[in-house]
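K.L.:
Quick one: structure below, then a few questions.
There are 2 protein chains.
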Amino acid sequence: MTERQSPTERTRVRRLPERGAYDRPTIDAILDAMPVAHVGYSIDGQPFVTPTLQWREDDHVYWHGSAASRMLRVIDGAPVCLTVTLIDGMVLARSAFNHSMNYRSVMLLGKAHAISDPAEKEARLRTFVESQFPGRWDMLRPVTAQELKATTVLGMPIDECSAKIRSGSPHDDEADEVLDIWAGVVPIRYEILPPVADQHVQAGRTPPLHATQFRIG
Amino acid sequence: MTERQSPTERTRVRRLPERGAYDRPTIDAILDAMPVAHVGYSIDGQPFVTPTLQWREDDHVYWHGSAASRMLRVIDGAPVCLTVTLIDGMVLARSAFNHSMNYRSVMLLGKAHAISDPAEKEARLRTFVESQFPGRWDMLRPVTAQELKATTVLGMPIDECSAKIRSGSPHDDEADEVLDIWAGVVPIRYEILPPVADQHVQAGRTPPLHATQFRIG
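Sequences listed follow chains A and F, in order. Taking my numbering, the leading residue of the first sequence gets 1, the next gets one more, and so forth. Taking my numbering, the leading residue of the second sequence gets 1001, the next gets one more, and so forth.
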């Protein structure tokens, strides 16, 4: 496993370079903390950005969807950008100019490849379910060959990538710090509420731990 | 104001069309509920997806950044995709195949244009701050000509767009509904914590209402 990526000209954080990070522990921590990614791809010169669930396994990220999906069909072998963002807070400064947002994000560039071998596909989907909800895969009705066929799984190596992080207080101009204006941070968190069983679950049944212990961030 | 958009071939929701919506009240409600967008654009055939704050004013969305930003320089006049996503929950079904996510998202396609007139730029930035934090703009140290010059504001008409929404319980295969497997939804919310003043705010000072009343979702 590569422990440190060198930024390329395409992933180097140019604006406010002190916010950039390129080490794998930082990048992996963000990917592992937020299952939702925004995947960018182009069709006939028009960019599209689709929200989708992602998961990481060692040096790859994966996402999946219907084999009939337009996004998944055009993306195999094409250049894509997968971005994962955690929103941590709104930053209220003493000037409009210095307002900002606290966040942790990863931008990953590369070419996606579709996984065609059904056994590998099933192994990747198992990791997906298990990474979100440990112990769930073996509780489920087993996946069928038809379902595997109807599902496209895409992978992309964690190779050309960067993290960008802003945290902490506003950075006001020094001359503004004495102004009688409230400034600070409004923190934002992903709140996970108690699981809600569907109508077929027996009343009073305790939800599994992986449903009550699920976290984002 | 156009009350209903017709989906184009590019924005029509093909997969699971019952999740698609094209009416402006639905689209505007999502844009207004989530200030963070993911903006997609291409440089030399490589898609990029950048998280940024967005705001809506009537029939346009806007975003901004440093005039030195690569994203904002290449984007003026180029085709972009702006996607806004609210994460509402994880959907746990009785088969891996029927697991899903509850969400509300908007995908907006078009060409962005940079606002060059300083007065218009300032008016748009005022709306930005006021839409997030009502009453704040007039409390702030006024924006300077230099700051306006250093800020690029981009706008895009709300024209070619669609919303995609999933909510509610898992949709299991009928044959799976009797299985002794817990299924349901793990709801997710954006929790806004009490504001944290920076070190220059007098101890004990009450934060403004716009900081305590800020909400996402």
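In this text, a Cβ means the ideal position worked out from N, Cα and C, and glycines have one as well. Note that this is a predicted model, so its numbers are computed, not measured.
Per DSSP, what are the beta-bridge partners of F:E1160 in this structure?
P.N.:
Translated into the one-based positions of the second sequence, residue 1160 of chain F becomes position 160. Beta-bridge pairing links F:E1160 to F:L1109.
K.L.:
Can you tell me the Cα-Cα spacing of A:A150 and F:R1024, whole angstroms?
P.N.:
One-based indexing of the first sequence puts residue 150 of chain A at position 150. One-based indexing of the second sequence puts residue 1024 of chain F at position 24. Taking the straight line from one Cα to the other gives about 33 Å.
K.L.:
Just the C-alpha distance for F:D1180 and A:R215, rounded to the nearest angstrom, thanks.
P.N.:
Here residue 1180 of chain F is taken as the residue at index 180 of the second sequence, counted from 1. Here residue 215 of chain A is taken as the residue at index 215 of the first sequence, counted from 1. About 25 Å.
K.L.:
Could one say the Cβ of A:L125 lies closer than 9 Å to chain F's Cβ atoms, at least one of them?
P.N.:
To locate residue 125 of chain A, count along the first sequence from 1; it is residue 125. True, the Cβ-Cβ gap to chain F drops below 9 Å.
K.L.:
Report yes or no: do three or more beta-carbon pairs, one from the region 1152-1160 of chain F and one from the region 99-113 of chain A, lie closer than 8 Å?
P.N.:
Touching, no.
K.L.:
Just the chain F side, please: which residues come within less than 7 Å of A:R205 by C-beta, in chain order?
P.N.:
For this step, residue 205 of chain A is matched to residue 205 along the first sequence. Going along chain F in sequence order, the residues near A:R205 (Cβ under 7 Å) are W1182.
K.L.:
If you draw a straight line from the C-alpha of F:E1174 to the C-alpha of F:V1129, how long is it?
P.N.:
Mapped onto the second sequence, residue 1174 of chain F falls at position 174. Mapped onto the second sequence, residue 1129 of chain F falls at position 129. Their backbone Cα atoms lie some 49 Å apart in a straight line.
K.L.:
Considering only residues of the same chain and omitting the five flanking positions on each side of F:T1008, which have a CB-CB separation below 6 Å?
P.N.:
What you label residue 1008 of chain F is simply residue 8 of the second sequence in a count that begins at 1. Answer for F:T1008: E1160, listed in chain order.
K.L.:
Please check if any C-beta of chain A sits within less than 9 Å of the C-beta of F:H1038.
P.N.:
Position 38 of the second sequence holds residue 1038 of chain F. At least one chain A Cβ lies under 9 Å of F:H1038.
K.L.:
Residues of chain A with CB under 8 Å from F:T1085, in chain order?
P.N.:
Position 85 of the second sequence, counted from the first residue, corresponds to residue 1085 of chain F. Correct list: V36, H38, P51.
K.L.:
For F:T1008, name the three-state secondary structure that DSSP assigns.
P.N.:
Along the second sequence, one-based indexing puts residue 1008 of chain F at 8. Looking at F:T1008 - three-state DSSP - the assignment turns out to be coil, as it is neither helix nor strand.
K.L.:
Pick helix, strand or coil for F:H1064, following the three-state DSSP scheme.
P.N.:
Reading the second sequence from its first residue, position 64 is the one you call residue 1064 of chain F. F:H1064 falls in the strand class under three-state DSSP.
K.L.:
Along the alpha helix (DSSP H) that carries A:E130, what are the first and last residues, could you check?
P.N.:
Against the first sequence, residue 130 of chain A aligns to sequence position 130. Run containing A:E130: 118-132, per the alpha helix (DSSP H) assignment.
K.L.:
Based on DSSP bridge pairs, tell me the residues matched to F:E1191.
P.N.:
Start at 1 with the first residue of the second sequence, and residue 1191 of chain F comes out as number 191. BP columns for F:E1191 point to A:R189.
K.L.:
Rounded to whole angstroms, what is the Cα-Cα separation between A:A183 and A:G135?
P.N.:
Working through the first sequence from its first residue, we reach residue 183 of chain A at position 183. Working through the first sequence from its first residue, we reach residue 135 of chain A at position 135. Approximately 45 Å, taken between the alpha carbons.
K.L.:
Can you find the residues in the same chain that come closer than 8 Å, C-beta to C-beta, to A:H113, ignoring five residues on each side of it along the sequence?
P.N.:
The count along the first sequence starts at 1 and reaches residue 113 of chain A at position 113. Answer for A:H113: D76, G77, L154, G155, M156, listed in chain order.
K.L.:
If I measure Cβ to Cβ from A:S131 and keep anything under 7 Å in the same chain, skipping five residues before and after, which residues do I get?
P.N.:
The residue labelled residue 131 of chain A in the question sits at position 131 within the first sequence. Taken in chain order, the residues that qualify are W55.
K.L.:
So is A:Y41 in contact with chain F if we call contact Cβ pairs under 9 Å?
P.N.:
Looking up residue 41 of chain A in the first sequence gives position 41. It does; some Cβ of chain F falls within 9 Å.
K.L.:
Let me make sure I understand the geometry here. Which of F:V1143, F:E1191, F:T1212 has the alpha-carbon closest to that of A:D172?
P.N.:
Counted from its first residue, the first sequence places residue 172 of chain A at position 172. Out of F:V1143, F:E1191, F:T1212, F:V1143 has the C-alpha closest to the C-alpha of A:D172.
K.L.:
Mind checking which residues open and close the beta strand (DSSP E) that includes F:L1053?
P.N.:
In the second sequence, counting from the first residue as 1, residue 1053 of chain F sits at position 53. Note, F:L1053: beta strand (DSSP E), 1046-1057.
K.L.:
F:M1090 to A:D198, Cα distance in whole Å?
P.N.:
Here residue 1090 of chain F refers to the residue found at position 90 of the second sequence. Here residue 198 of chain A refers to the residue found at position 198 of the first sequence. One C-alpha to the other measures close to 13 Å.
K.L.:
In chain order, what residues of the same chain have a beta carbon less than 8 Å from the beta carbon of A:M1, not counting five sequence neighbours either side?
P.N.:
Counted from its first residue, the first sequence places residue 1 of chain A at position 1. Because A:M1 carries a pLDDT of 39, less than 50, the predicted location of this residue cannot be relied on, and no value is offered for it.
K.L.:
Under 8 Å between beta-carbons, which chain F residues line up against A:V185? List them in chain order, please.
P.N.:
For the purposes of this step, residue 185 of chain A is taken as the residue at position 185 of the first sequence. The answer, in chain order, is P1195, V1196, D1198.
K.L.:
Relative to the C-alpha of F:P1195, which residue among A:E147, A:I188, A:P194 is closest?
P.N.:
Locating residue 1195 of chain F in the second sequence gives position 195, where the first residue counts as 1. Nearest C-alpha to F:P1195: A:I188.
K.L.:
Are any of the Cβ atoms in chain B nearer than 9 Å to that of A:A119?
P.N.:
This model lacks chain B altogether, as its protein chains are A and F.
K.L.:
Is there a Cβ of chain F sitting closer than 9 Å to that of A:D258, yes or no?
P.N.:
The structure shown does not extend to residue 258 of chain A, since chain A is modelled only from 1 through 217, so no value can be given for it.
K.L.:
Buried or exposed: F:T1206, going by 16 or more other Cβ atoms within 10 Å of its Cβ?
P.N.:
The count along the second sequence starts at 1 and reaches residue 1206 of chain F at position 206. With fewer than 16 Cβ atoms within 10 Å of its Cβ, F:T1206 is classed as exposed.
K.L.:
Should A:T212 be labelled buried (16 or more other beta-carbon atoms within 10 Å of its own) or exposed?
P.N.:
In the first sequence, the residue the question calls residue 212 of chain A occupies position 212. Exposed is the call here.
K.L.:
For A:I188 and chain F, any beta-carbon pair shorter than 9 Å?
P.N.:
Position 188 of the first sequence, counted from the start, is the residue given in the question as residue 188 of chain A. Closer than 9 Å: yes.
K.L.:
Ignore the nearest five residues each way along the sequence and tell me which others in A:E3's own chain have a CB closer than 6 Å to its CB.
P.N.:
Taking the first sequence and counting its residues from 1, one reaches residue 3 of chain A at position 3. Note on A:E3: pLDDT 49, under 50, position unreliable in the model; the coordinate value appears next. R24, listed in sequence order.
K.L.:
In three-state DSSP terms, what is A:T83?
P.N.:
Working through the first sequence from its first residue, we reach residue 83 of chain A at position 83. Residue state, collapsed to three classes: strand.
K.L.:
So the candidates are A:K164, A:G65, A:G168, A:A203; which of them puts its Cα closest to the Cα of A:L148?
P.N.:
Working through the first sequence from its first residue, we reach residue 148 of chain A at position 148. Measuring from the Cα of A:L148, the nearest candidate turns out to be A:G65.
K.L.:
Label F:T1170 either buried or exposed according to how many other C-beta atoms from any shown protein chain fall within 10 Å of its C-beta, with 16 as the threshold for buried.
P.N.:
Along the second sequence, read from residue 1 onward, the residue named residue 1170 of chain F stands at position 170. Note that residue 1170 of chain F is Pro in the sequence shown, not Thr. F:P1170 comes out buried.
K.L.:
Would you kindly work out how many angstroms separate the C-alpha atoms of A:M139 and A:G204, rounded to a whole number?
P.N.:
The count along the first sequence starts at 1 and reaches residue 139 of chain A at position 139. The count along the first sequence starts at 1 and reaches residue 204 of chain A at position 204. Spanning the two alpha carbons is a distance of roughly 19 Å.
K.L.:
Would you call A:G110 buried or exposed, if buried means 16 or more other Cβ atoms sit within 10 Å of its Cβ?
P.N.:
Indexing the first sequence from 1 puts residue 110 of chain A at position 110. The residue in question, A:G110, is buried, as its Cβ has 16 or more Cβ neighbours within 10 Å.
K.L.:
From the beta carbon of F:W1055, is the nearest beta carbon of chain A less than 9 Å away?
P.N.:
As a working mapping, residue 1055 of chain F is identified with position 55 in the second sequence. Chain A contact via Cβ: absent.
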